[in-house]
Amino acid sequence: MSNASSIRCLITAGPTREFLDPVRFLSNPSTGKMGYALAEAALRLGWNVDLVAGPVNLPEPEGTIFYPVVSAEEMYHQVDALFDACDLFIMAAAVSDFRPSQYLPQKEKKSVASLRLELEPTRDILATLAERKLNQTVVGFAAETENLEPNARAKLVAKNCDFIVANDLSQPGAGFAADTNTVIFLAANGSNETLGPALKTDLATQIIDRLAARHH
Ligand code: CTP
Numbered sequence: 002m003s004n005a006s007s008i009r010c011l012i013t014a015g016p017t018r019e020f021l022d023p024v025r026f027l028s029n030p031s032t033g034k035m036g037y038a039l040a041e042a043a044l045r046l047g048w049n050v051d052l053v054a055g056p057v058n059l060p061e062p063e064g065t066i067f068y069p070v071v072s073a074e075e076m077y078h079q080v081d082a083l084f085d086a087c088d089l090f091i092m093a094a095a096v097s098d099f100r101p102s103q104y105l106p107q108k109e110k111k112s113v114a115s116l117r118l119e120l121e122p123t124r125d126i127l128a129t130l131a132e133r134k135l136n137q138t139v140v141g142f143a144a145e146t147e148n149l150e151p152n153a154r155a156k157l158v159a160k161n162c163d164f165i166v167a168n169d170l171s172q173p174g175a176g177f178a179a180d181t182n183t184v185i186f187l188a189a190n191g192s193n194e195t196l197g198p199a200l201k202t203d204l205a206t207q208i209i210d211r212l213a214a215r216h217h
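In my numbering, the protein residues as written are 2 to 217.
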């Protein structure tokens, strides 16, 4: 399609935080390791990498254009601004599915007898962007605890992805926060391939190599 150095890859990583008041938030245990490993693997192929990341404790990969964000809504706006210029979009972030319906501008006192939280869904960033894709290759992730392949394939279709990386969270040592993982790499054309168990860094290389094959 284009030579390696002109491929522009947009990657999201890490969790998002949805604040309830100035000191409390909803989030998840994502460390950002998979998204960062994908960014490193893409850089090694000479691609241009835009990395949009929620709050993580990882050093910024040297060579990416780095966009730190906090909430799902901020991540959406940053990705929205970068999407049209990318060839490849990889949505590896663990976006909070819900956020508090109301933000309390002052710290809520714990002296209140009980606190009832009303939540509302966050915007689905992957589905929203994939809906307007032109030539972009769109890659999603699927975190599942049961019926891994059918659930992941349903997400691939519902979110208009070209590929989906399916994570089986019921496996010991898999998914969030682990260094290793086993995934199924599903394509819209119906093919599927199990990758791993392997270090996330090795899985990232295998995933990027498969995507690179499409961009020759
Ligand atoms: N995703 C997103 N925006 C959200 C939630 C998820 O872009 N608000 C993306 C994730 O980054 C991932 C894909 O959608 O690439 C699937 O995420 P997953 O958590 O597996 O599924 P959900 O769509 O949240 O569905 P469910 O929780 O019902 O399994």
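Just so you know, even glycine gets a beta-carbon here, dropped at the ideal spot from N, CA and C.
Bear in mind the structure is a predicted one, so any value in this text is a computation, not a measurement.
Check: V80, enclosing alpha helix (DSSP H) - first and last residue; Outcome: A73 to F84
Check: Straight-line Cα distance separating L11 from L83; Outcome: 7 Å
Check: In DSSP terms, what I12 is bridged to; Outcome: L52 and I91
Check: D85: CB within 6 Å of a non-hydrogen atom of ligand 1; Outcome: no
Check: Heavy atom of ligand 1 within 6 Å of M76 beta-carbon; Outcome: no
Check: For Y104, the three-state DSSP class (helix, strand or coil); Outcome: coil
Check: Proximity winner among A54, A214 and N193, relative to A38 (alpha-carbon distances); Outcome: A54
Check: heavy atom of ligand 1 below 6 Å from T123 C-beta; Outcome: yes
Check: Sheet register partners of Y68 (DSSP bridge); Outcome: V53
Check: Where S72 falls, given that 16 or more other Cβ within 10 Å makes a residue buried; Outcome: buried
Check: Under 7 Å between C-beta atoms of V184 and F164; Outcome: no
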